[in-house]
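Heads up: the sequence shown is residues 1 to 898, going by UniProt numbering.
In this text, a Cβ means the ideal position worked out from N, Cα and C, and glycines have one as well.
Quick caveat, the model's predicted, so the values are computed rather than measured.
To start, the structure itself, in C-alpha cells.
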Amino acid sequence: MDIIRRSSATATFRSLRQKDWEKISFLNSSNATRNIGIIAHIDAGKTTTTERMLYYSGYTRRIGDVDDGSTVTDFLPAERARGITIQSAAITFNWPPVQGEKGSKDIPSSSRAPGTPRSQTPHLVNLIDTPGHADFTFEVLRSLRILDGAVCILDGVAGVEAQTEKVWTQANNYRIPKIIYVNKLDRDGAAFGRTVKEVGVRLHGWPALCQIPWWKDGKGKLIGVGDVVNLRALSWEEGGDGKVIKSLNLTDVDDAFAKEIKKARVALIEILSEHDDEMVEKFLEYDEDHLAIPGNDLTESLRRCVLQNPQRIIPVFTGASFRNLGVQPLLDAVLDLLPSPEERPDPEISMGVTHSRLNELLAGRLALTSSPQSSKSGKQKTSPTKTQKTLPVVSNLQACALAFKVVNDPRRGVLVYVRVYSGSIDRNAALYNTNLSITERAPKLLRMYASDAVEVDSIAAGHIGVIVGLKYARTGDTLIVYSGANPKSGPPAPLNTLQLRPISVPPPVFFTSVEPNSLSEEKLVSDTLGLLLREDPSLNVSIDSESGQTHLAGMGELHLEIARDRLINDFKARATTGKIEIGYREAILSSSPQITEDVNREVAGKHSRASCTVSVSPLDGTEPRVIEEDDDSTHTSLQVESNDLIIHHPTYTRSGLKLSPDSANLPEHLPLPSIVTALRTGISAALSRGPTHGFSMHSTLVEVHLDPAQIHADSTPAAISTAVRLATQKAVKSAAAERGTVLMEPVMLVAISVNEADIGGVAHDISAARGGQVLSLDGEISSPVSPSATLTTSTSTFPTLHTVKEDFPPIDPRKIYTPPDPFASTDGGEDDDLIGTGSAQRRIVARVPLREMVGYLKHLRSLTGGRGTFVMSVEGFERMSAQRQKAVLKELGGGEGW
1 MDIIRRSSAT
11 ATFRSLRQKD
21 WEKISFLNSS
31 NATRNIGIIA
41 HIDAGKTTTT
51 ERMLYYSGYT
61 RRIGDVDDGS
71 TVTDFLPAER
81 ARGITIQSAA
91 ITFNWPPVQG
101 EKGSKDIPSS
111 SRAPGTPRSQ
121 TPHLVNLIDT
131 PGHADFTFEV
141 LRSLRILDGA
151 VCILDGVAGV
161 EAQTEKVWTQ
171 ANNYRIPKII
181 YVNKLDRDGA
191 AFGRTVKEVG
201 VRLHGWPALC
211 QIPWWKDGKG
221 KLIGVGDVVN
231 LRALSWEEGG
241 DGKVIKSLNL
251 TDVDDAFAKE
261 IKKARVALIE
271 ILSEHDDEMV
281 EKFLEYDEDH
291 LAIPGNDLTE
301 SLRRCVLQNP
311 QRIIPVFTGA
321 SFRNLGVQPL
331 LDAVLDLLPS
341 PEERPDPEIS
351 MGVTHSRLNE
361 LLAGRLALTS
371 SPQSSKSGKQ
381 KTSPTKTQKT
391 LPVVSNLQAC
401 ALAFKVVNDP
411 RRGVLVYVRV
421 YSGSIDRNAA
431 LYNTNLSITE
441 RAPKLLRMYA
451 SDAVEVDSIA
461 AGHIGVIVGL
471 KYARTGDTLI
481 VYSGANPKSG
491 PPAPLNTLQL
501 RPISVPPPVF
511 FTSVEPNSLS
521 EEKLVSDTLG
531 LLLREDPSLN
541 VSIDSESGQT
551 HLAGMGELHL
561 EIARDRLIND
571 FKARATTGKI
581 EIGYREAILS
591 SSPQITEDVN
601 REVAGKHSRA
611 SCTVSVSPLD
621 GTEPRVIEED
631 DDSTHTSLQV
641 ESNDLIIHHP
651 TYTRSGLKLS
661 PDSANLPEHL
671 PLPSIVTALR
681 TGISAALSRG
691 PTHGFSMHST
701 LVEVHLDPAQ
711 IHADSTPAAI
721 STAVRLATQK
731 AVKSAAAERG
741 TVLMEPVMLV
751 AISVNEADIG
761 GVAHDISAAR
771 GGQVLSLDGE
781 ISSPVSPSAT
791 LTTSTSTFPT
801 LHTVKEDFPP
811 IDPRKIYTPP
821 DPFASTDGGE
831 DDDLIGTGSA
841 QRRIVARVPL
851 REMVGYLKHL
861 RSLTGGRGTF
871 VMSVEGFERM
881 SAQRQKAVLK
891 ELGGGEGW
C-alpha cells in the first residue's frame, strides 16, 4: 500500500518576495499555465471546492467555510452574509505545490519526462470562481470569454440542473473544453449513475468515467474513488483534512469493487476508441487487452478528445468536497486534460470592417492598408507593395489584451482585470484603448489572489493579471502596446482600430428609481452609480427627462438588491431607492418621412456644424433583420441594442473608399469609421427614450442618408452625434403621431424543476394563471438567439455569437456505462425516463411574460411544498395586446401615458 502526500508550500504566496517569484519564473510559460473557471448551478459546491484547491496547493493554511463566511473567494460582505457567490473572483496558485521559500532547494524542473503525466510538473493555475445564480449570468459570461477550460460541478443529489445546462451552453458558445466533477456524493439521496446518464442526455456528450465512487462495503458511506485510468483505488481518512491519500492496488480492495473498476476501464476504452483513432491503435498494439493499456496513454487520448471541436467526450470525476475527498485528483485532471493558452484557437479580431485572427495579423499574413481616406482618386485595392510597407508596423505591436472586469477596490483604487493574448504588458507601459482611442499608463501590475495581491513587473501572453490606476478602461475594451506610438493619436491606422471580440451584455429587464437624499448628495450618487456601471456593465442607468428621476436597471430582483446594497452600504451613498419594476420597451407602428436636422453652434469656444438626414420605420416581427454586406457595399448596417441602423453612403464604400473621383471628399480629420461611430452614439441616445411612455425603443429601423456635403471642415463627432440624435427624435415623434406606439414586454424562457407529483399543478398554473406557454416537459433549455437578447459594450461589427447547435443524434442513456448506485431502485425504469417516478425531479420549460414571474419563487414553493426551483433568462420582447397594455399602464400609474 502506497501513501501519497500532497505537502503544502512552506509559505503562502502572499508572503512571497519578488526574488521568490523569480525562482519559479518557469511557471510563466504559457505552456505551464491553465486558465480555468468553476461553473455550476447555485449551491453545487463551487466555492467549497475552490477552498479545498487553495488549501491543498499551499495557498491557504486552513480551509474556509461558506457557512462561516471565511472563504477566500467570497470576500464581499454581501457574499458572506448571503452565503452565495455574487461576483467572479480570480485567484492564482500552483499545482503541484512549489516550495517557494527563500533558500529552498526543492524547486522542480519545468521539463516533463516522456511518458509522465503533465500533473507531475508544477503549473500556474489561474482559477475563476463564478456565481451560480441566474441573476449574475453576466459574471459567468465575461469569465468564460477569457478562459481556456472549465470544471463543471454537479450536485450528485440534484443531478444536471437548469442553470447547469445554461452555463454549459454558454461555454459551448465559446468552444471551451470542459470536464465534470460530480460532488456531494456523501449526502443522502446521491445518485451517481443517474447523474452520469443525465450528463449524456441533457449536456449532449458521452460521459467518460475516469473515476467511480467507492462506497464502504458497497452500500455504506463514501470512502474514496476508483481510479479507472490508472487501475487503482484512492481512499481518504474519515474526518481528516484530505491531504493524505492512500493508493491501493486492485488486489488490495474487495473483489466486487475491483471488478467494477475493470468494467469501467473497458467502457472507457470503448468510448474513447469511437472518437480517437490513436486509441484504436493502442488497443490493437496491446492485443485488445483493455487492462494492459498504460494509464498515461488513456490520459493522452482523453486530452485529445476533450480538445476536439465540438467536444463529444466529457470526462467525469467524482468526490465530496465538503468531506475533503476527491479534490487533488480533480486538480491533476485540470493539468492533464484541459488546454494551455497555446492550445486554444487563435483569437478573433476586427480592424474596421476587416475580420481575421490575431496570429494572422502578427505573422504578417493579413493585408493591411493605411487610412482609407488617403485614397483621393476613387476606388483602390490593396497592392502587394503597400502590404509589404505595412508589415514593419505590425512588428511594433508588443502586446494585445482584453479588459474583462473592472473592480473598485477600497484600498487599491480601480483594478482592471486583463487577459493578455500576445506579447507582454510591462509596468509603466503605454496602453492604447482602441475602443475609446485613449492612451493610459499602467503604473502598477498585480497578480490577484481574490482580495489579496502580489505586485509583478509584467503580465505575459496567456496570463490573467490586474492593472491598477486606469481611469477609462471598461469591460470588453481592447488594450494594445505599440512601440513608438504617438501618445495622443495612438498607433497608425488601421492598428488603432484593432479589437478583440467584445463581451456580450444581456439586456436589463428590471429597474428601480434612485433618489439622492438632498441636492448636495446628487453628485456623489451620480459618481457612485458611474462606478457601479463600470464594474458591472449589465447594470444600466438612465434619467427620465420629464420627471428627472434616475433609473437603475439590472438582470433580476436579486441583482438590483445587491446593487442597491453596494450603493448604500459599501459606497456610502446617501440615497433612497424605489420598488423594483419591469423595464418594458416601446415600438412605433408606422414609418416617418426623411427629416433633416442642422447643428450650428459653439462648443468649448470652437465653432462646429453638421447636418443629418434620418428616417425611421418599424421592423417586421420582434427581430431586427440581417443585411448582407461586404467591403464594397455602399451602406453600413449595425445593431443599436434591439434596433437596426443602416447608414447609406452612396459615394463611399463600406471600407471608406470613394467610388468616383468627382464625389465630394470627407474631411481628413473625419474618416468614415469615425463618422459611423458618431452616428451610432447619437442614435443610441435618441432611442433610449420612447415618445409616448418613456421606455427604450425596440424593433425600430433607423436609416441615415449620409451626404459628404453635410459634413464640413469644422464638423466634429460631437456635432454629428447631436444632429443625428435630434433628427432621429423628430422622426420617431413623427411616426408616433401618425399611429401611436405599442409597448413590448420581456418574455422569459423559464425552466422549472419540480417533483413529478407536482408537475400537473405547476404546468396548469403557468399556462392558465400566468399566460405562459409550456414548451416541453424534460426538454432542453434552448431558444433562438435574437439581437434583442444581446448587446455589446463595443461599437465593433463582429458577427453575432450565436448559440452553438450541433446536429448530433440524441444519446441513448441505456448505452452509457454507470456503476450501480447503492441507494437507487433496481426496477430499471431510469433508462426509459431519467427522472424516474414518485419524488424524482421533472422539468417544465415554458415561455412566460416577465410580469407574471415577479415574486414567482414564493408561489412555486407553496405549490410544491418548498421543493420547486426555477431559473429564467430573457428570450426576447413581444408586443402587448391592447388590453394587457392598458392594465400595465394603469398599474404603473400613468393611465394611457406618462
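Assuming G156 and T92 form a contact by the criterion Cβ under 8 Å, report the distance between their Cβ atoms to the nearest whole angstrom.
As a working note, residue 156 is residue 156 in the sequence shown. As a working note, residue 92 is residue 92 in the sequence shown. Contact flag wrong, Cβ pair sits at about 29 Å.
If we ignore side chains and look at the alpha-carbon of each, how far apart do G423 and A460 end up?
Here residue 423 corresponds to residue number 423 of the sequence shown, with the count starting at 1. Here residue 460 corresponds to residue number 460 of the sequence shown, with the count starting at 1. Approximately 6 Å, taken between the alpha carbons.
Leaving aside the five residues before and after K216 along the sequence, list all residues of the same chain whose C-beta is less than 8 Å from its C-beta, in chain order.
As a position in the sequence shown, residue 216 is number 216, starting the count at 1. If we look at K216 and ignore the five residues flanking it on each side, its Cβ neighbours are L222 and I223.
Test item: CB-CB of R879 and V747 under 7 Å
Residue mapping note: residue 879 aligns to position 879 of the sequence shown, counting from 1. Residue mapping note: residue 747 aligns to position 747 of the sequence shown, counting from 1. No, they are not a contact pair.
DSSP three-state label for I24, please.
Taking the sequence shown and counting its residues from 1, one reaches residue 24 at position 24. Low confidence applies here, because I24 scores a pLDDT of 40, under 50, leaving its location unreliable; read the following figure in that light. Note: I24 maps to coil in three-state DSSP.
Report the rounded CA-to-CA distance for K166 versus L749, giving the unit in angstroms.
Locating residue 166 in the sequence shown gives position 166, counting from the first residue. Locating residue 749 in the sequence shown gives position 749, counting from the first residue. Cα-Cα distance, rounded: 11 Å.
Cutting at 7 Å between CB atoms, please list the residues of its own chain near Q710, excluding the five before and the five after it.
For the purposes of this step, residue 710 is identified with residue 710 of the sequence shown, where counting begins at 1. Contacts found: A610, S611 and C612.
Going by beta carbon distance, what residues of the same chain come within less than 6 Å of K890, once the five residues before and after it are set aside?
Residue 890 sits at position 890 when you count from the first residue of the sequence shown. Closer than 6 Å at the Cβ level, and outside the excluded window around K890, lies no residue.
Between residue 981 and R419, is the Cβ-Cβ spacing less than 7 Å?
Absent from the model: residue 981. The displayed extent of the chain is 1 to 898, so no value can be given.
Does the distance from the CB of L141 to the CB of W168 come in under 7 Å?
Residue 141 sits at position 141 when you count from the first residue of the sequence shown. Residue 168 sits at position 168 when you count from the first residue of the sequence shown. For L141 and W168, no; Cβs fall outside 7 Å.
Please report the straight-line C-alpha distance between Q398 and E285, rounded to a whole angstrom.
Numbered from 1 along the sequence shown, position 398 holds the residue referred to as residue 398. Numbered from 1 along the sequence shown, position 285 holds the residue referred to as residue 285. One C-alpha to the other measures close to 48 Å.
Where does P399 fall in DSSP's three states?
Taking the sequence shown and counting its residues from 1, one reaches residue 399 at position 399. Before going further, note that residue 399 is Ala rather than Pro in the sequence given. Reduced to three states, the DSSP call for A399 is strand.
When DSSP builds the beta bridges, which residues end up paired with G554?
For the purposes of this step, residue 554 is identified with residue 554 of the sequence shown, where counting begins at 1. Partner(s): F510.
Below 7 Å CB to CB, which residues in the same chain sit around N540 once its five sequence neighbours on both sides are set aside?
Your numbering for residue 540 matches position 540 in the sequence shown. Counting only Cβ-Cβ distances below 7 Å, and skipping sequence neighbours, we find P508 and A553.
Beta-bridge partners of C612, as assigned by DSSP
For this step, residue 612 is matched to residue 612 along the sequence shown. The partner list for C612 (beta bridge, DSSP) reads E597.
What separation, rounded to the nearest whole angstrom, lies between the Cα atoms of L659 and G556?
The sequence position of residue 659 within the sequence shown is 659, counting from 1. The sequence position of residue 556 within the sequence shown is 556, counting from 1. Spanning the two alpha carbons is a distance of roughly 49 Å.
Measuring straight from C-alpha to C-alpha, what distance separates I646 and L529?
For the purposes of this step, residue 646 is taken as residue 646 along the sequence shown, with counting starting at 1. For the purposes of this step, residue 529 is taken as residue 529 along the sequence shown, with counting starting at 1. If you take the alpha carbons of I646 and L529, they lie about 32 Å apart.
Express the C-alpha separation of W214 and L185 in angstroms, rounding to a whole number.
Here residue 185 is taken as the residue at index 185 of the sequence shown, counted from 1. Here residue 214 is taken as the residue at index 214 of the sequence shown, counted from 1. So the alpha carbons of these two residues sit roughly 10 Å apart.
Measuring CB to CB, does A158 end up less than 7 Å from A171?
Residue mapping note: residue 158 aligns to position 158 of the sequence shown, counting from 1. Residue mapping note: residue 171 aligns to position 171 of the sequence shown, counting from 1. For A158 and A171, no; Cβs fall outside 7 Å.
Cutting at 6 Å between CB atoms, please list the residues of its own chain near I128, excluding the five before and the five after it.
Counting from one through the sequence shown, the residue named residue 128 turns up at place 128. Correct list, in chain order: G37, S88, A90 and S143.
Taking C-alpha atoms, which residue in S301, V244, N296 and P339 lies nearest to W328?
Here residue 328 refers to the residue found at position 328 when the sequence shown is read from its first residue. At residue 328 the sequence reads Gln, which differs from the Trp that was named. Checked all of S301, V244, N296 and P339; the closest Cα to Q328 is V244.
Do you know how far the Cα of I271 is from the Cα of T728?
Translated into positions along the sequence shown, residue 728 becomes position 728. Translated into positions along the sequence shown, residue 271 becomes position 271. Straight-line Cα distance between these residues: approximately 59 Å.
Is the distance from the Cβ of A191 to the Cβ of D821 below 7 Å?
The sequence position of residue 191 within the sequence shown is 191, counting from 1. The sequence position of residue 821 within the sequence shown is 821, counting from 1. Their beta carbons are under 7 Å apart, which means A191 touches D821 by this criterion.
Just to confirm the assignment, what range does the beta strand (DSSP E) spanning K178 have?
For the purposes of this step, residue 178 is taken as residue 178 along the sequence shown, with counting starting at 1. Looking at the DSSP string, the run of the beta strand (DSSP E) that includes K178 is K178 to N183.
Residue-chain proximity (S660, chain C), Cβ-Cβ < 7 Å
Looking for chain C here will not work: only one protein chain is present.
Bounding residues of the alpha helix (DSSP H) (the contiguous stretch that carries H764):
What you label residue 764 is simply residue 764 of the sequence shown in a count that begins at 1. First-last of the alpha helix (DSSP H) with H764: I759 to H764.
Between which two residues does the beta strand (DSSP E) holding A709 run?
Residue numbering aside, residue 709 sits at position 709 when the sequence shown is read from its first letter. Run containing A709: none; DSSP gives neither H nor E here.
Does the pairing of the stretch 578-594 with the stretch 723-741 give three or more beta-carbon distances under 8 Å?
yes
For C152 and I39, the rounded distance between their alpha carbons
What you label residue 39 is simply residue 39 of the sequence shown in a count that begins at 1. What you label residue 152 is simply residue 152 of the sequence shown in a count that begins at 1. Their backbone Cα atoms lie some 5 Å apart in a straight line.
Specify the secondary structure class of residue 913 as computed by DSSP and reduced to three states.
Here the chain covers residues 1 to 898 and nothing more, so residue 913 does not appear.
Go ahead and label K376 buried or exposed: buried means 16 or more other beta carbons lie within 10 angstroms of its beta carbon, across all protein chains shown.
As a first step, residue 376 must be located in the sequence shown, where it is residue number 376. With a pLDDT of 37 at K376, under the threshold of 50, the modelled position of that residue is not reliable, and the figure given next carries that caveat. The residue is exposed, with fewer than 16 neighbouring Cβ atoms inside 10 Å.
Helix, strand or coil for T478 per DSSP?
Your numbering for residue 478 matches position 478 in the sequence shown. In the structure shown, T478 sits in a strand (DSSP, three-state: E or B).
D188 to D43, Cα distance in whole Å?
Within the sequence shown, numbered from 1, the residue matching residue 188 stands at position 188. Within the sequence shown, numbered from 1, the residue matching residue 43 stands at position 43. The alpha-carbon atoms of D188 and D43 are separated by roughly 16 Å.
Over the uninterrupted beta strand (DSSP E) stretch that includes S247, give me the two end residues.
Indexing the sequence shown from 1 puts residue 247 at position 247. That run of the beta strand (DSSP E) goes V244 to L248.
For the beta strand (DSSP E) holding C152, just list the boundary residues, first then last.
Within the sequence shown, numbered from 1, the residue matching residue 152 stands at position 152. Here the beta strand (DSSP E) through C152 covers G149 to D155.
Own chain residues within Cβ distance below 8 Å of S684, not counting five before or after
In the sequence shown, residue 684 corresponds to position 684, counting from 1. Here the set comprises V640 and E641.
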